[in-house]
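Residue 410, in the numbering used here, is where the sequence shown stops; the numbers in between run on with no holes.
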Amino acid sequence: MITKSNEHLSLKEQERLLTRLSQLLSQGYSFMQALDVMFVSCQGKERDMMKRLEYFISTGTPLMEAFQKASFSTDVVLIIAQAETHGNLAEALRKASEWKRRQIRFKAELRKALTYPFILFVVILLISYLLFQVVIPQFSYLFEVYDIEVPVSTTVILYLVGILEQYYIPVVLTLFLILAAVLFGWKKGVLQDRVAQVVARCRWINRWTRTFFTIMFCTQLGYLLQANVPLFHALQQVLHTAGSVHFKKTLERIEQELMQGKCLSEALKQDDVFVPELSAVVYHAEKNGQLAQHLVTYGQYLESEVLDRSLERLKWIEPVLLLMVGLVTSYLFFALFRPVFQLIEAL
Numbered sequence: 064m065i066t067k068s069n070e071h072l073s074l075k076e077q078e079r080l081l082t083r084l085s086q087l088l089s090q091g092y093s094f095m096q097a098l099d100v101m102f103v104s105c106q107g108k109e110r111d112m113m114k115r116l117e118y119f120i121s122t123g124t125p126l127m128e129a130f131q132k133a134s135f136s137t138d139v140v141l142i143i144a145q146a147e148t149h150g151n152l153a154e155a156l157r158k159a160s161e162w163k164r165r166q167i168r169f170k171a172e173l174r175k176a177l178t179y180p181f182i183l184f185v186v187i188l189l190i191s192y193l194l195f196q197v198v199i200p201q202f203s204y205l206f207e208v209y210d211i212e213v214p215v216s217t218t219v220i221l222y223l224v225g226i227l228e229q230y231y232i233p234v235v236l237t238l239f240l241i242l243a244a245v246l247f248g249w250k251k252g253v254l255q256d257r258v259a260q261v262v263a264r265c266r267w268i269n270r271w272t273r274t275f276f277t278i279m280f281c282t283q284l285g286y287l288l289q290a291n292v293p294l295f296h297a298l299q300q301v302l303h304t305a306g307s308v309h310f311k312k313t314l315e316r317i318e319q320e321l322m323q324g325k326c327l328s329e330a331l332k333q334d335d336v337f338v339p340e341l342s343a344v345v346y347h348a349e350k351n352g353q354l355a356q357h358l359v360t361y362g363q364y365l366e367s368e369v370l371d372r373s374l375e376r377l378k379w380i381e382p383v384l385l386l387m388v389g390l391v392t393s394y395l396f397f398a399l400f401r402p403v404f405q406l407i408e409a410l
């Protein structure tokens with residue numbers, strides 16, 4: 064008997080399967096025929112998931128439940144449920160795959176922008192470790208053997224090396240414990256409210272977090288509405304997948320105001336989590352009867368803007384790190400080799 068899988072499909076796997084299913088259904092294949100065609104070309108975990116999906120459908124399991132048991136994400140499951148009842152399944156699958164594709168692109172662009180600076184930073188750490196653990200101690204030994212009087216610049220370096228050698232293990236353990244405590248507190252939600260309060264006071268970080276939450280809100284809610292999911296149910300789904308405690312509290316407040324009969328734009332007016340213009344965008348979208356499309360379009364606009372700004376700022380990380388490496392290297396060369404040159408002259 065096939066049961067629900069504990070394995071989760073990645074974003075790429077979900078996007079690939081949803082796109083292919085949508086294409087086959089649009090070409091006139093029945094759902095089971097589409098699964099048969101895909102089963103031949105799928106491999107590994109994807110093949111296993113197709114087999115599970117086919118089994119659940121053939122045993123009379125509702126489409127929504129079958130996708131859920133086949134380890135598709137909750138937002139996809141909700142879109143499938145609404146399409147099964149009210150809409151076009153092929154179109155719903157296309158919208159779901161489009162949403163997954165945008166998630167993949169957003170993560171890939173940020174990962175691409177951060178990869179080289181991260182590698183450069185790791186290389187700097189490794190070089191620093193070799194300098195402080197191997198190279199500088201050799202110079203220190205040389206200065207002691209020949210009783211060389213070292214300048215202040217060299218004394219500072221030797222003093223720092225001595226401190227690191229003496230307190231290296233306690234410092235590393237302390238940093239590890241602090242990091243573990245922070246991660247535990249963040250996971251439990253203890254620190255998230257305090258961090259949100261601090262972020263609210265920092266203008267640049269506050270603007271970035273507002274934009275990020277607005278992108279998540281607009282794209283998720285917009286795609287769900289395009290799949291004919293009712294507004295209240297769509298908002299509940301966004302709330303269900305929200306990771307931030309502060310974000311969840313905001314969505315819960317909006318949900319309560321919608322239950323009181325307010326429209327979405329009114330519920331967003333007093334909000335401090337999203338960008339200020341979101342309320343105006345939603346207001347006019349509601350008036351025009353195009354809330355879903357406007358939310359998706361606005362989310363895409365903000366996403367492109369964030370990527371452009373991030374790439375613009377990240378391109379300065381490399382030259383700044385290289386400049387720092389150059390300055391530190393110059394200082395070390397001057398501080399360590401100056402006494403050596405004095406010794407050579409004395410000999």
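A virtual CB, placed ideally from N, CA and C, is assigned to each residue, including glycine.
Does S93 pass the burial test, meaning 16 or more other C-beta atoms within 10 Å, or should it be called exposed?
As a first step, residue 93 must be located in the sequence shown, where it is residue number 30. Looking at its Cβ environment, which holds fewer than 16 other Cβ atoms inside 10 Å, S93 is exposed.
Taking the C-alpha atoms as reference points, what is the distance between A330 and K158?
On the sequence shown, residue 330 is found 267 positions in, with the first residue counted as 1. On the sequence shown, residue 158 is found 95 positions in, with the first residue counted as 1. If I take the Cα positions, the gap works out to 27 angstroms.
In this structure, how does DSSP classify C105 when only helix, strand and coil are distinguished?
In the sequence shown, counting from the first residue as 1, residue 105 sits at position 42. C105: coil per DSSP, three-state reduction.
Less than 8 angstroms between the beta carbons of H357 and V344, yes or no?
Your numbering for residue 357 matches position 294 in the sequence shown. Your numbering for residue 344 matches position 281 in the sequence shown. Contact: yes.
Under a Cβ-count criterion, where at least 16 other Cβ atoms within 10 Å of its own Cβ denotes burial, should W379 be classed as buried or exposed?
Within the sequence shown, residue 379 is the residue found at index 316, counting from 1. Per the 10 Å Cβ criterion, exposed.
So, at 7 angstroms on beta carbons, what are the nonlocal neighbours of Q77 in its own chain, with the 5 sequence-adjacent residues on each side left out?
Within the sequence shown, the letter at position 14 stands for residue 77. F135, S136, V139 and K163, listed in sequence order.
Quick one: what does DSSP say D210 is sitting in, helix, strand or coil?
The residue labelled residue 210 in the question sits at position 147 within the sequence shown. Three-state result, D210: coil.
Excluding the 5 residues preceding and the 5 following A144 in the sequence, name in chain order all residues of the same chain whose CB lies nearer than 6 angstroms to its CB.
Numbered from 1 along the sequence shown, position 81 holds the residue referred to as residue 144. Cβ within range, chain order: M127.
Around the C-beta of Q283, are 16 or more other C-beta atoms found within 10 angstroms, so that it is buried, or is it exposed?
Numbered from 1 along the sequence shown, position 220 holds the residue referred to as residue 283. Buried, since its Cβ has 16 or more Cβ neighbours within 10 Å.
Which of helix, strand or coil DSSP assigns to G123:
Here residue 123 refers to the residue found at position 60 of the sequence shown. If DSSP states are grouped into helix, strand and coil, G123 belongs with coil.
With C-beta atoms as the reference, is V336 less than 8 angstroms away from H303?
For the purposes of this step, residue 336 is taken as the residue at position 273 of the sequence shown. For the purposes of this step, residue 303 is taken as the residue at position 240 of the sequence shown. Not a contact, by the Cβ cut-off of 8 angstroms.
Other residues of its chain near S85: CB distance less than 7 angstroms, five sequence neighbours each side excluded
Start at 1 with the first residue of the sequence shown, and residue 85 comes out as number 22. Here the set comprises A153, L156, R157 and S160.
Through-space distance from Y361 to K332, alpha-carbon basis
If you number the sequence shown from 1, residue 332 lands on position 269. If you number the sequence shown from 1, residue 361 lands on position 298. Their Cα atoms are separated by approximately 17 angstroms.
So what's F135 in DSSP terms, helix, strand or just coil?
Counting from one through the sequence shown, the residue named residue 135 turns up at place 72. Three-state DSSP puts F135 in coil, outside helix and strand.
How about E212 and L370: do their beta carbons lie closer than 8 angstroms?
Sequence index remark: in the sequence shown, residue 212 carries index 149 (1-based). Sequence index remark: in the sequence shown, residue 370 carries index 307 (1-based). No, the Cβ-Cβ distance between E212 and L370 is not below 8 angstroms.
CB A133 to CB R115, shorter than 8 angstroms?
By one-based count along the sequence shown, residue 133 stands at place 70. By one-based count along the sequence shown, residue 115 stands at place 52. Yes.
Taking the straight line between their C-alpha atoms, what separation do you get for I142 and T82?
Counting from 1 along the sequence shown, the entry for residue 142 is found at position 79. Counting from 1 along the sequence shown, the entry for residue 82 is found at position 19. If you take the alpha carbons of I142 and T82, they lie about 14 angstroms apart.
Distance CB(T277)-CB(L365) smaller than 8 angstroms
Taking the sequence shown and counting its residues from 1, the one referred to as residue 277 is at position 214. Taking the sequence shown and counting its residues from 1, the one referred to as residue 365 is at position 302. Contact flag set, yes.
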